[in-house]
Structures are given as structure tokens and as C-alpha cells.
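Asks: In our numbering, the protein residues as written are 1 to 415.
Here a beta-carbon is modelled for each residue, glycine too, at the ideal position from N, C-alpha and C.
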Amino acid sequence: MSVPVLLLEAAGPESRALARAAAATGLAVHAVTDAATLATYPDELRELLAGTLVTDFAKPARARTDITAYGRRIGARALLTVNEYLTEQAARVCADLALPGNDPERACAARNKVVMAAAFEATGVASPRTVTVSSSNELQALVAAGHVVFPCVVKPADGAGSSGVTVATNPEELRQAWHRARAAEVMYGLARDERVLVQDHIPGCEFSVESVTQAGHTTHLCITRKHTSRGRHRVELGHSLPAHLPPAAERALLAQADRAIAAVGARNGATHTELIVTPGGRVTVLEIGARIGAGHIGVLIQHALGINPWRTLWDIALGQPVPAVPAPRGYATVRFLTAPHRGRLVSVAGLPAPSPTVPAVHVRAAVGARVGPATSNSGRLGHVIVTGDHPRTVDDQAEQLLKRITISVDEEGVS
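1. I need the straight-line Cα distance from A145 to C152, nearest angstrom please.
2. Figure out for me which residue from G289, D43, S2 and T40 has the closest Cα to the Cα of V29.
3. So Y331 packs on G388, CB below 8 Å; how close in whole Å?
4. To the nearest angstrom, how far is the alpha carbon of R419 from that of I297?
5. Specify whether the stretch 258-270 and the stretch 226-234 touch according to this definition: at least 3 beta carbon pairs, one from each stretch, less than 8 Å apart.
6. In the DSSP assignment, find the beta strand (DSSP E) that holds V417 and state where it starts and stops.
7. From the DSSP output, in three-state form, read off I292 for me.
8. Give me the Cβ distance between G238 and H227, rounded to the nearest whole Å; I'm assuming they're in contact under 8 Å.
9. Rounding to the nearest angstrom, what Cα-Cα distance links A365 and A141 in this structure?
10. DSSP state of Y331, grouped into three classes?
11. To the nearest angstrom, how far is it from the Cα of V322 to the Cα of W314?
12. Going by C-alpha to C-alpha distance, which of T37, A243 and H147 sits closest to P171?
13. Please state whether DSSP places A31 in a helix, a strand or coil.
14. Quick check: the Cα distance between V384 and E236, rounded to an integer number of angstroms?
15. Which one or two residues does DSSP pair with F336 in a beta bridge?
16. Can you tell me whether T40 is buried or exposed, with buried defined as 16 or more other CB within 10 angstroms of its CB?
17. If V346 sits next to P352, beta carbons under 8 Å apart, how far is it from one beta carbon to the other, in whole angstroms?
18. Could you give the uninterrupted runs of the beta strand (DSSP E) lying entirely in the stretch 92-146, keeping only those of 3 residues or more?
19. Run through DSSP, which three-state label would D395 get?
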């Protein structure tokens, strides 16, 4: 008899990978979603599912009751989510069902950035100086009093995927950034936290630490080097792993990741900790997610480390022993495609053919779609994954492939 498990939201590449991994190991996957998102599920995904619960995530208390009752009815043995907006709900339902999960009382700190900043400060996590702003008048008063240092980073309290995040270099840009942060959308019609964070801008190289924790014991899978855009909007244009760093830098990154993981009460599951290393070597934690890294980081881990992170997450959720992490056997990178300017997409030419060293090539934007320079991760048009034995060879190949890809956008088509 198949073991029933719950997956809070099956839409999205990481969620589908979890569903496939569960089905491949004989688990009976029951997805929890809302009516609008369920309508977008492709047939391939629906065929993987043993059942579906439709609830209203916009009403968290009611959704918690629905999910808990459904979990008890099917005898759920595990619950997972990789959806940023549902990690707090997952922690609370796991507690209700007595399943391995994260601390339900601190799970909000891995979701709401105002709570996160307070948790970091309280536990000694090295993080940017943060001011929380609740109104435009308060923002003006802070600027007038000299409490805002330019450049600064402005972000919504409850955003995800870099949505609504802007780097401001003067008061006028700060005003615009405030409005952009307040306008950032959240999923499922969830109630918005209208507060906005203004943080000191920390220059340096960006990394993330990919980790799994079981019963409070953390294993760091690898460090990822992040390729990001410059200017007002910081979009992730690529990830490469495992990053090869001097031992002292690696120790400093992992030490701060450990502190961040403890600060948000991550006890069972994956965490994705984003950090900056300054030119002087100082490590600062930007934020943490109680989930596996998005942007195909899980796929890169499979290629470079030779482990299946999706199966590992199910093992943790089921309370089963997790195999030791093997030494890296290779290197992998993903590079994202973005539009050169606003308009309607005409064509994407010069894409490489899939091969042993280029295992994935995908364009998600349809010809004729309105596109524009990416201002958040959701604005990326597609991706190319490159793998191999040596970092320099893989990165060079990825750069050469990107140069051969031509994205044509018709400005005349914009109304």
C-alpha cells in the first residue's frame, strides 16, 4: 500500500520535481492548492497525484483547518512545500499532524522579512542595518533626519523572487522604490504586510548556501555563486555550484548560514541562505528561505553532487535516515534569458541543442508575449543549464552559448 504524503502546491518546477520523486518511490502524493492554480495543472502533473485538496490560502486559519483535516483523513505520513508563500503554513500543519517540520512559532521569520530582520538582530546574525517603514511620511522623516544611507535596498516585507526590490541612490529613487515595494504582488490573494524595509546596501559578491536540516542537525550541501544584474533591479541571472572558495571564506559563509538557520527555527527540511562577501571579506546574511533554492538549484545539485535533493527532502519529511552527502563530482551552472527591452517577443534564435553537457534548454515565454527587461526573477524568459568537470570550462561554455542566443523583441507591438 502506498504511503500518503501531502505537497502544499504542486505547481512550479521545484514542486513538480518533488511530485515526480515521490511518485517514483511509491509515495501517494496529495496536492494542496487553490482553485485558480489547480486549473493550470498540466495533465502530466495530474497523473502523478493520488488526490487533491482545494482550499483558500488567502484565509490561513481556514486553510490550516482544511489541510489538517484532510491529512488526518488520508493518514498523511509527511508534508512538504517548496513554495515560498506556504512555508509558514507548512510548519503549522506539520505541528498539528505531529510530522517532522520547522518550529511553527518561528516559521514566520523565514517568510516575513521584517520578522526575519528582528530575528537576525536578536540572535547575532550578521545582516544589513534595517529600518522598517510603515508610511510615506515616516519615510520622509527618516530621510530628513539622515537615518537613510544611500545607496540603500528597498524591499517589501512579504515579497519573494526579488519582486518589488529596488536599489535607490537618492531620495527621489527612494520614493519610487517605496511605491514599487508597496505594489509588489503576493500569491493566492494573501493579506499584504504593507510595511517596507530600507536596508544598507552591502557591496560584494553574492552567494547562497544550500542546506538540509533533520531533527535540528544541519548538513550544508554546497555553496552557490550567484550571477546578478546591476543597477536599480537585482535579478538573479545565473547560479553556479559548487563554488570554490578559500577555506576561510567558506567557513565564514557556513557559520553565518548556521546562525540564520537557527534564528528562523528551521528544524526539518531545506534552507536557502543568501549572503554577501564584501571585498574586505566580511560576510553578511541578506535573507533565508525555509525551502530548497529556486531557479533550478536543485537540478544543479543533482548534476554536480550526484544526489537527488527531492528524494532527500521526502526522506527528511518522513523521518527516515538521510544518506551522507558525497563529495562533489562535477560542476553545474544555469544561465537565464532576459529581454533586451520592452515589447512583444518575436523570436529566440541560436538556442543550443541539448547534449550531455547541456542537459536543459528551455524558453518559457511564448512568441507574441509582452516582455521587458527583467525587474524580478519572474521576468526571466528561459534558461540554459551547462555541466562538466571543471568550473572554468563550464562557465566559459555557458557564456559562449549565451552570446549565440538572440532574443528579438518588437517595440512597435507595445500598446
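Replies: The relevant details are as follows:
1. Roughly 15 Å between the two C-alpha positions.
2. Nearest option by C-alpha distance: S2.
3. Indeed they touch by this definition, with Cβ atoms about 6 Å apart.
4. Look at the range of the chain in this structure, 1 to 415, and you will see that residue 419 is not part of it.
5. Judged by Cβ distances under 8 Å, the stretch 258-270 makes no contact with the stretch 226-234, as fewer than three pairs qualify.
6. Only positions 1 to 415 of the chain appear in this structure, which leaves residue 417 out of reach.
7. I292 falls in the coil class under three-state DSSP.
8. Confirmed, about 4 Å.
9. Going by C-alpha positions, A365 is about 43 Å away from A141.
10. DSSP places Y331 within a strand segment (E or B) once states are collapsed to three.
11. Roughly 10 Å separates the two Cα atoms.
12. A check of alpha carbon separations from P171 across T37, A243 and H147 identifies H147 as the nearest.
13. Three-state result, A31: strand.
14. A direct Cα-Cα distance of roughly 14 Å separates V384 from E236.
15. Answer is H383, bridged to F336.
16. Around the beta-carbon of T40, fewer than 16 other beta-carbon atoms lie within 10 Å, marking it exposed.
17. A Cβ-Cβ separation of about 20 Å leaves V346 out of contact with P352 under the 8 Å criterion.
18. Within the stretch 92-146, the complete beta strand (DSSP E) runs of at least 3 residues fall at 130-133.
19. Correct three-state label for D395: helix.
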